[in-house]
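Protein sequences, first through last, are from chains A and B.
The opening residue of the first sequence carries number 3 in my numbering; numbering runs sequentially from there.
The opening residue of the second sequence carries number 12 in my numbering; numbering runs sequentially from there.
Here a beta-carbon is modelled for each residue, glycine too, at the ideal position from N, C-alpha and C.
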Amino acid sequence: MSANNPYLDDLSRGIIRENPVFRLLLGMCPVLGVTGYLINGLGMGLAAAAVLIASNVVIASLKNFIPPQVRIPCFIVVIATFVTVIEMLLQAFQPALYEALGVFVPLIVVNCVILGRAEAFASKKPVLRSLVDGIGVGLGFTLALGILALVREVFGHGTIMGPGPDSAILLFGEGFEPMALFGQPAGAFIALGLLLGITNVIFKKFNIK
Amino acid sequence: MERLLSIIFIYILVENFVLQRFFGICPFLGVSRKMETAIGMSMAVVFVMTMATIVTWLLFTFVLEPFNLQYLQIVTFILVIASLVQLVETTLRKISPTLYQGLGIFLPLITTNCAIMAVALLAVREEFVFVEAVVFGVAASLGFSLALVIMAGIRERLELAEIPDVLQGSAVTLITAGILSLAFMGFRGMLSL
Chain A
3 MSANNPYLDD LSRGIIRENP VFRLLLGMCP VLGVTGYLIN GLGMGLAAAA
53 VLIASNVVIA SLKNFIPPQV RIPCFIVVIA TFVTVIEMLL QAFQPALYEA
103 LGVFVPLIVV NCVILGRAEA FASKKPVLRS LVDGIGVGLG FTLALGILAL
153 VREVFGHGTI MGPGPDSAIL LFGEGFEPMA LFGQPAGAFI ALGLLLGITN
203 VIFKKFNIK
Chain B
12 MERLLSIIFI YILVENFVLQ RFFGICPFLG VSRKMETAIG MSMAVVFVMT
62 MATIVTWLLF TFVLEPFNLQ YLQIVTFILV IASLVQLVET TLRKISPTLY
112 QGLGIFLPLI TTNCAIMAVA LLAVREEFVF VEAVVFGVAA SLGFSLALVI
162 MAGIRERLEL AEIPDVLQGS AVTLITAGIL SLAFMGFRGM LSL
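Right, here's the structure in full:
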């Protein structure tokens, strides 16, 4: 928003104006795949954000040494390395989350958001700005996953902070019959479609381009 | 044989990669606008996915596993897929320049098509033997193509429909995909491995 401070601009752009999910429709597979529960959605968002920030920084610092002809394979190797690190960390310290996310953890490597930022931003801009950009886009991605997962969990299961009886908070009491559709794959598509419609209205109202 | 047939049936219809498992959503939304590009993309994916499953399975079983290098799985798999995509791109540019132009940016983007990486990873995780892995790769790619072609058919009609302003574009596409996925839920539970 402030035109003269590039860092603030880099940070806010990824969260709002160029939100990877709501505005650019990138990296949709984990967005739809793991958002049955809020915990899984946020965990996935943070894991992807961590990979994005780390790869953005490394690629920005190596940009003068990578020959332009083979830049894409180089970016992919950097990203794959960080995904392997995150996968091992999750497996060691958050086994429940690791199980719930399943194959979507190694699939972070093919998330278009990360390669897209490497190609469009980190390979051209200085290290510090790439770091800020990574944080902004990562937060935007996590935010979108969190919103969708919240909607799907509240409507589809009637809980927050599930799954599991210890942590789950029943929102509407025992008698509530959840709309099972939102927990299903079909509900994921429909919920995201409706959310996109709602964000379109909001963006139009506040005239954000 | 029975097991192979159930793998085919399950991964085309019951566990459809796009509509039930959410792999390959980006190309599904991106190139489903026209039937022609949808079919071209499907053919490219069928080829790359089958090849990728064969190569990654062999690599994992005969190189990574015997030498205890499983932690290199992600890096090797993605490099194999990236080189295969490069191969398809070069071949297609030579053989069919019109198709090459039509697929545009989505051809190099097959590299970041999660469906391909997912097939390679799942073939290893589900502990399929070689023949099963190949059949799995073919079936998954056919399931992807089926979803893509159906979606392209619907979207060609959708262009003529009157859609509320705010839902135009990707929003209505996602809701359509949701209804399509609802239809595929009818196959749920018919078969399992």
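Contacts with chain A at 8 angstroms (Cβ-Cβ) include Thr123 of chain B. For Met30 of chain A, at least one C-beta of chain B is nearer than 8 angstroms to its own C-beta.
Excluding the 5 residues flanking it on each side, Leu191 of chain B has same chain C-beta neighbours closer than 8 angstroms at Leu30, Ala158, Ile161, Met162, Ile165, in chain order. For Gln186 of chain A, a Cβ of chain B is located within less than 8 angstroms of the residue's own Cβ. Taking the C-beta atoms as reference points, Ala93 of chain B is found nearer than 8 angstroms to Thr122 of chain B. Straight-line measurement puts the Cα of Val79 of chain A at about 31 angstroms from the Cα of Ile23 of chain B.
Distance between Val87 of chain A and Val105 of chain A, taken at the CA atoms: about 15 angstroms.
Ranked by how close their Cα comes to the Cα of Met60 of chain B, the residues B:Leu110, B:Phe88, B:Met196 have B:Phe88 in first place. In this structure, Thr201 of chain A lies near Phe24 of chain A, with their beta-carbon atoms less than 8 angstroms apart.
The DSSP-derived three-state label of Leu204 of chain B is coil. For Gly148 of chain A, the enclosing alpha helix (DSSP H) stretches over residues 129-159. Contact annotation for Asn21 of chain A against chain B: no contact, minimum CB-CB distance about 13 angstroms [criterion: below 8 angstroms]. With 16 or more other Cβ atoms from the protein chains shown falling within 10 Å of its own Cβ, Asp135 of chain A counts as buried. Across the stretch 32-43 of chain B, CB contacts with chain A closer than 9 angstroms involve Arg32, Phe33, Phe34, Gly35, Ile36, Cys37, Phe39, Leu40, Gly41, in sequence order along the chain.
At a beta-carbon threshold of 7 angstroms, the residues of chain B lying near Val203 of chain A are Val177, ordered along the chain. Taking C-alpha positions only, Gln179 of chain B is separated from Thr48 of chain B by approximately 21 angstroms. With the criterion set as a beta carbon lying under 8 angstroms from some beta carbon of chain B, the members of the stretch 83-116 of chain A are Thr83, Val85, Thr86, Glu89, Met90, Val105, Pro108, Leu109, Val111, Val112, Asn113, Cys114, in sequence order. Taking all protein chains shown into account, Ser57 of chain A has 16 or more neighbouring C-beta atoms within 10 Å of its C-beta and is therefore buried. A check of alpha carbon separations from Ile18 of chain A across A:Ile171, A:Val139, A:Leu44, A:Leu109 identifies A:Val139 as the nearest. Leu185 of chain B and Pro175 of chain B have their C-alpha atoms roughly 14 angstroms apart. In the structure shown, Ile171 of chain A falls within a strand segment according to DSSP collapsed to helix, strand and coil. Pairing Met46 of chain B with Glu167 of chain B gives a Cβ-Cβ distance under 8 angstroms. Excluding five sequence positions before and after Ala124 of chain A, the CB atoms of its chain that fall closer than 6 angstroms to its own CB belong to Asn58, Ile61, Ala62, Ser132, given in chain order. Per DSSP, reduced to three states, the secondary structure at Ile210 of chain A is coil, with no helix or strand assignment. Gly197 of chain B has a beta carbon lying at 8 angstroms or more from every beta carbon in chain A. For the 8 angstroms CB-CB criterion, Leu13 of chain A and Ile137 of chain A form a contact. A check of alpha carbon separations from Gly47 of chain A across A:Leu109, A:Gly164, A:Val203 identifies A:Leu109 as the nearest. For Phe78 of chain B and Val86 of chain B, the gap between their C-alpha atoms comes out near 16 angstroms.
Nearest to Phe198 of chain B by C-alpha distance, out of B:Arg104, B:Val145, B:Ser17, is B:Ser17. Under the 8 angstroms criterion on CB atoms, Arg166 of chain B is classed as non-interfacial with respect to chain A. A contact is defined here as three or more CB-CB pairs under 8 angstroms, and the stretch 124-137 of chain B meets this definition with respect to the stretch 56-70 of chain B.
A distance of 8 angstroms or more separates the beta carbons of Gly38 of chain A and Gly160 of chain A. At a Cβ-Cβ threshold of 8 angstroms, Leu54 of chain A and Leu194 of chain A do not count as neighbours. Under the DSSP assignment, Thr86 of chain A falls in the alpha helix (DSSP H) whose first and last residues are 73-95.
According to DSSP, Ile162 of chain A shares a beta bridge with A:Ile171. Under the three-state reduction of DSSP output, Tyr9 of chain A falls in the helix class.
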